[in-house]
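All the letters of the sequence shown, read from the start, carry residue numbers 71 to 379 under our numbering. We put the beta carbon where it would ideally sit given N, CA and C, even for glycine. Working notes for the structure below.
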Amino acid sequence: MWHTIQLNRDDLAKFKSLRIIVRIGSGVDNIDVKSAAELGIAVCNVPGFGIEEVADTTLCLILNLYRRTYWLANALREGKKVPGPEQLREVATPCPRIRGDTLGLVGFGRIGTAVALRAQAFGFRVTFYDPYLPDGIEKSLGVERVYSMQDLLFQSDCISLHCSLNEHNRHLINEHTIRLMRPGAFLVNTARGALIDEQAVAKALKDERIRAAAFDVFESEPFSMANSPLKDCKNVIFTPHSAFYSDSSIRELREHAATEMRRAIVGKLPDALRSCVNADLLQQQQQQQQQSSHQLAAVTASSGNHARS
Numbered sequence: 071m072w073h074t075i076q077l078n079r080d081d082l083a084k085f086k087s088l089r090i091i092v093r094i095g096s097g098v099d100n101i102d103v104k105s106a107a108e109l110g111i112a113v114c115n116v117p118g119f120g121i122e123e124v125a126d127t128t129l130c131l132i133l134n135l136y137r138r139t140y141w142l143a144n145a146l147r148e149g150k151k152v153p154g155p156e157q158l159r160e161v162a163t164p165c166p167r168i169r170g171d172t173l174g175l176v177g178f179g180r181i182g183t184a185v186a187l188r189a190q191a192f193g194f195r196v197t198f199y200d201p202y203l204p205d206g207i208e209k210s211l212g213v214e215r216v217y218s219m220q221d222l223l224f225q226s227d228c229i230s231l232h233c234s235l236n237e238h239n240r241h242l243i244n245e246h247t248i249r250l251m252r253p254g255a256f257l258v259n260t261a262r263g264a265l266i267d268e269q270a271v272a273k274a275l276k277d278e279r280i281r282a283a284a285f286d287v288f289e290s291e292p293f294s295m296a297n298s299p300l301k302d303c304k305n306v307i308f309t310p311h312s313a314f315y316s317d318s319s320i321r322e323l324r325e326h327a328a329t330e331m332r333r334a335i336v337g338k339l340p341d342a343l344r345s346c347v348n349a350d351l352l353q354q355q356q357q358q359q360q361q362s363s364h365q366l367a368a369v370t371a372s373s374g375n376h377a378r379s
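This is how it looks when you write it as structure tokens:
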């Protein structure tokens with residue numbers, strides 16, 4: 071299933087014979103994973119797919135924000151004349167130099183790392199915040215690490231999000247954290263839409279507290295410009311949750327999903343699965359069911375013995 075389908079407990083309970091869901095992608099925040107386990111349903115994903123594509127897209131968006139390519143191209147398409155430097159300044163400003171600016175990455179997994187390596191080639195000073203990683207990885211890659219979100223926001227000229235969504239980081243970028251950002255910083259999100267409070271970001275964009283932004287993911291998908299709080303913001307690039315896509319990545323994605331389905335068919339759940347995100351919950355549920363069965367069997371046997379005596 072794709073990320074646009076939402077499954078809560080009531081939805082899952084309707085599928086009496088369902089035993090496995092394979093999310094065609096990495097995030098599973100659109101599925102009630104705990105309820106699935108309680109109903110005996112394994113939830114799997116395809117982790118690590120499209121790393122190159124998402125990293126490339128992220129750099130593409132960052133470069134567009136810095137070099138104003140998107141706005142310059144649209145200006146010409148709309149018939150604007152740019153005969154000299156004064157007219158160019160009107161269209162191209164603000165256009166800061168990349169080399170020496172600080173790119174702050176929130177999350178430093180496989181995609182965050184791939185973005186960092188690409189950004190270094192363009193001259194960015196790269197820093198990251200990721201409380202889940204052990205110390206030392208920053209030294210091997212020549213990047214800098216900060217140990218609080220506040221420090222990252224304060225230091226960064228451009229912030230790019232590369233973390234999964236959970237109950238602790240919903241609306242990570244909100245009215246409070248925006249006030250901690252450098253005035254005029256750029257913001258990029260190719261991770262999960264709900265990491266950003268779109269109402270707060272829209273206000274910051276209109277007030278130019280955030281200079282410009284680029285979003286591939288949104289709180290409500292599929293994205294509707296008419297219903298978005300960002301609809302009146304002129305300094306935003308929108309793309310339709312497409313950062314992962316290429317001819318190669320989509321083929322690999324389907325192959326990995328089909329392979330996981332095959333493991334479920336020929337093996338035992340959840341032991342046979344490689345990417346089951348609720349395996350621990352499923353095993354706990356199975357153990358509880360076994361204990362209940364043993365207790366019921368013991369009670370039944372005891373009742374039978376009393377009846378015979």
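ask   = residue 281 lies in the beta strand (DSSP E); which residues open and close that run?
value = 280 to 285
task = Could you please give the first and the last residue of the uninterrupted beta strand (DSSP E) stretch that includes residue 195?
result = 195 to 199
ask   = Taking Cβ to Cβ, would you say residue 265 is nearer than 8 Å to residue 259?
value = yes
message = Within a Cβ cutoff of 6 Å, which residues of the same chain sit near residue 231, ignoring the five residues on either side of it in sequence?
response = 176, 259, 261 and 265
key: Closest Cα partner of residue 172 within the set 255, 237, 200 and 218   = 255
ask   = For residue 244 versus residue 267, is the C-beta distance shorter than 8 Å?
value = yes
key: Own chain partners of residue 89 with C-beta closer than 8 Å, once the 5 adjacent residues on each side are dropped   = 110, 111, 112, 334 and 339
Residues near residue 161 by beta carbon distance below 8 Å, same chain, minus five either side = 138, 141, 142, 145, 150 and 152
Whole beta strand (DSSP E) elements within the region 259 to 311, 3-residue minimum = 280 to 285 and 306 to 308
key: Strand pairing of residue 230, partner residues [DSSP]   = 175 and 258
ask   = Would you call residue 337 buried or exposed, if buried means 16 or more other Cβ atoms sit within 10 Å of its Cβ?
value = exposed
query = If you pair each beta-carbon of the region 345 to 361 with each one of the region 120 to 128, do three or more pairs fall below 8 Å?
reply = no
key: Identity of the residues DSSP links to residue 101 by a beta bridge   = 77
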